[in-house]
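Q:
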Amino acid sequence: MRKKLTKEDINYFKKILLKQKERILEKIKNISEETLKKSQKDASGDISGYTFHMADVATDTYDREFSLQIADDERQLLYELDEALIKIEKGNYGICESCKAPISKVRLRALPYARLCIKCQQAKEKT
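In structure tokens:
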């Protein structure tokens, strides 16, 4: 039988979640500044008045899309972190959303925003 988390455990995981959230917000901010605030000319470092080669434009476009995809992935992770913090405030953090059993501390250390215990996660992945 898995044990429920203590107040000390909850505080420990809350600190981890807040640190991860801060790191992700900074990463998203940096990606946005580097990707969205630069014109294509600025991003390429070209200061001449000549037009771009199509291959250069394609590479720059790919790089921008890649950066935006990373930012989108980080936003999804940010959502999961926020949901875990809400669960802490509501008092149901560390409880499996499927079977309602406590999620192990080992799993929460690895994935502090886990919604499911390992058993339920494995069952979900099989389907």
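Per my numbering, residue 44 is the first one in the sequence shown, and the count goes up by one each step.
Backbone N, C-alpha and C fix where the C-beta goes; we use that ideal spot for every residue, glycine too.
(1) Spatial neighbours of I53 within its chain, please: CB distance less than 8 Å, with the 5 preceding and 5 following residues excluded, ordered by chain position.
(2) Can you look up R138 in the DSSP assignment and give me helix, strand or coil?
(3) Is the number of C-beta pairs between the segment 143-150 and the segment 106-125 that are closer than 8 Å three or more?
(4) Which value, in whole angstroms, describes the spacing of the CA atoms of N73 and T170?
(5) Would you check if the distance between the CB atom of Y156 and the CB atom of L60 is smaller than 9 Å?
(6) Identify which residue in L48, K58 and E65 has its Cα closest to the Cα of E117.
(7) Please report the distance separating the alpha-carbon of T141 from that of L159.
(8) Measuring straight from C-alpha to C-alpha, what distance separates K70 and C163?
(9) Closer than 9 Å, CB to CB, is E65 near chain C or not?
A: So, from the data block:
(1) Mapped onto the sequence shown, residue 53 falls at position 10. These residues qualify, in order along the chain: I131, Y136 and G137.
(2) Position 95 of the sequence shown, counted from the first residue, corresponds to residue 138. Correcting the residue type first, residue 138 is Ile in the shown sequence and not Arg. Correct three-state label for I138: strand.
(3) Touching, no.
(4) One-based indexing of the sequence shown puts residue 73 at position 30. One-based indexing of the sequence shown puts residue 170 at position 127. Cα to Cα, the separation comes out at about 37 Å.
(5) On the sequence shown, position 113 is the one that residue 156 refers to. On the sequence shown, position 17 is the one that residue 60 refers to. Yes.
(6) Sequence index remark: in the sequence shown, residue 117 carries index 74 (1-based). Nearest in C-alpha terms to E117, of all of L48, K58 and E65, is E65.
(7) As a first step, residue 141 must be located in the sequence shown, where it is residue number 98. As a first step, residue 159 must be located in the sequence shown, where it is residue number 116. Inspection of the sequence shows that residue 141 is occupied by Ser rather than by Thr. Roughly 7 Å separates the two Cα atoms.
(8) As a position in the sequence shown, residue 70 is number 27, starting the count at 1. As a position in the sequence shown, residue 163 is number 120, starting the count at 1. In this model, K70 and C163 are separated by some 31 Å (Cα to Cα).
(9) In summary, chain C is missing from the structure at hand, where a single protein chain is found.
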